[in-house]
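Colleague: Here it is: the structure, laid out below.
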């Protein structure tokens, strides 16, 4: 079955890099996504990676995909206090385009 | 401005009452989704609709119902049969093109007293 796993918490200092990790099980996923959720709000798509790519960089964000190990990571460079939020990874499912989400990683950035 | 709206932001209901959550989008997206979020858990899919007048159950459909009479609207009814309805409900619609991206509304927090 489908399952996406993330660690629940990460704490970093302002200016450091943050790395949030995710493992997934459905090797047929076309896209893998990273969403950000601020308190009491909906989800905002940060970035995505196509399944035939190994890496994607978008300003401070770097996504790495290891298909062999089914491992996805999101690196945030020069982490700021405004980056404090919950980060979800998600994979697509072939049925109806639905997304399978991880539990979310709460990132806390300390000044 | 294009986007997804959900109303109300906060909703309080007594146990045993049905309640309907609104979701509207003006993005001209065909597919729409309802998710439930509980603390410390990811989003779980309740129902989804790929086209008007058609919808499918997600992973946790029991105690919920939906309709899709118009492309722009996908209301969710939480019925009295839902055993633990207090949660944060998120609606999304999907862009059938660039990366199949799902756009999310701001959510409705339902509290059943």
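Protein chains in written order, with my numbering: chain B, 1396 to 1506; chain V, 153 to 265. Where is the CB? At the ideal position from N, CA and C, for every residue including glycine. Please read all numbers here as calculations on a predicted model, not as lab measurements.
1. With DSSP as the reference, label residue 252 of chain V as helix, strand or coil.
2. Between the segment 167-181 of chain V and the segment 1439-1452 of chain B, can you find at least three pairs of beta-carbon atoms closer than 8 Å?
3. For a quick check, are the C-beta atoms of residue 239 of chain V and residue 215 of chain V less than 8 Å apart?
4. Do you know offhand how far residue 231 of chain V's Cα is from residue 168 of chain V's?
5. In angstroms with no decimal places, state the Cα-to-Cα distance between residue 217 of chain V and residue 1443 of chain B.
6. For residue 1476 of chain B, name the three-state secondary structure that DSSP assigns.
7. Please give the ranges of any alpha helix (DSSP H) in the segment 186-221 of chain V, keeping only runs that are unbroken, at least 4 residues long and fully inside the region.
8. Which whole-angstrom value is the C-beta distance of residue 1420 of chain B and residue 252 of chain V, which I expect to be below 8 Å?
9. Under 7 Å between beta-carbons, which chain V residues line up against residue 1498 of chain B? List them in chain order, please.
10. Check distances from the C-beta atoms of the segment 1454-1484 of chain B to those of chain V and list, in chain order, the residues that come in under 7 Å.
11. Give me whichever residues DSSP pairs with residue 245 of chain V in a beta bridge.
12. Which first and last residues belong to the beta strand (DSSP E) in which residue 1455 of chain B is found?
13. Taking 8 Å as the cut-off, decide whether the C-beta atoms of residue 1436 of chain B and residue 1455 of chain B are in contact.
14. Using alpha carbons as the reference points, say which of B:1460, B:1470, B:1438 and B:1439 lies closest to residue 1453 of chain B.
15. Count the other CB atoms within 10 Å of the CB of residue 1496 of chain B; is the residue buried (16 or more) or exposed (fewer)?
16. By Cβ distance, which residues of its chain are closer than 6 Å to residue 1466 of chain B, with the 5 residues on each side in sequence left out?
17. Which residues mark the beginning and the end of the beta strand (DSSP E) in which residue 1488 of chain B is found?
18. Start and end of the beta strand (DSSP E) containing residue 1431 of chain B?
19. Under 8 Å Cβ-Cβ, which residues of chain B neighbour residue 252 of chain V?
Modeller: On the basis of the supplied data:
1. In the three-state reduction of the DSSP assignment, residue 252 of chain V falls in the helix class.
2. The segment 1439-1452 of chain B is not in contact with the segment 167-181 of chain V.
3. It is not a contact, given that the beta carbons lie outside the stated cut-off.
4. Between residue 231 of chain V and residue 168 of chain V, the C-alpha separation is close to 8 Å.
5. Approximately 31 Å between the Cα atoms of the pair.
6. Reduced to three states, the DSSP call for residue 1476 of chain B is helix.
7. Runs of the alpha helix (DSSP H) inside the segment 186-221 of chain V: none found.
8. The C-beta distance from residue 1420 of chain B to residue 252 of chain V rounds to 19 Å, too long to meet the 8 Å contact threshold.
9. Within chain V, 192, 193 and 194 have C-beta atoms less than 7 Å from the C-beta of residue 1498 of chain B, given in sequence order.
10. Per Cβ criterion, the list reads 1483.
11. V:184 and V:255.
12. Where residue 1455 of chain B is concerned, there is no enclosing beta strand (DSSP E), given that its DSSP letter is neither H nor E.
13. For residue 1436 of chain B and residue 1455 of chain B, no; Cβs fall outside 8 Å.
14. For the residues B:1460, B:1470, B:1438 and B:1439, the minimum Cα distance to residue 1453 of chain B belongs to B:1470.
15. By the C-beta density criterion, residue 1496 of chain B is buried, having at least 16 other C-beta atoms within 10 angstroms.
16. 1418, listed in sequence order.
17. Per DSSP, residue 1488 of chain B belongs to no beta strand (DSSP E) and is neither H nor E.
18. 1426-1432 is the span of the beta strand (DSSP E), which, as asked, contains residue 1431 of chain B.
19. Chain order gives the chain B residues near residue 252 of chain V as 1425, 1426, 1487 and 1492, where near means a beta carbon separation below 8 Å.
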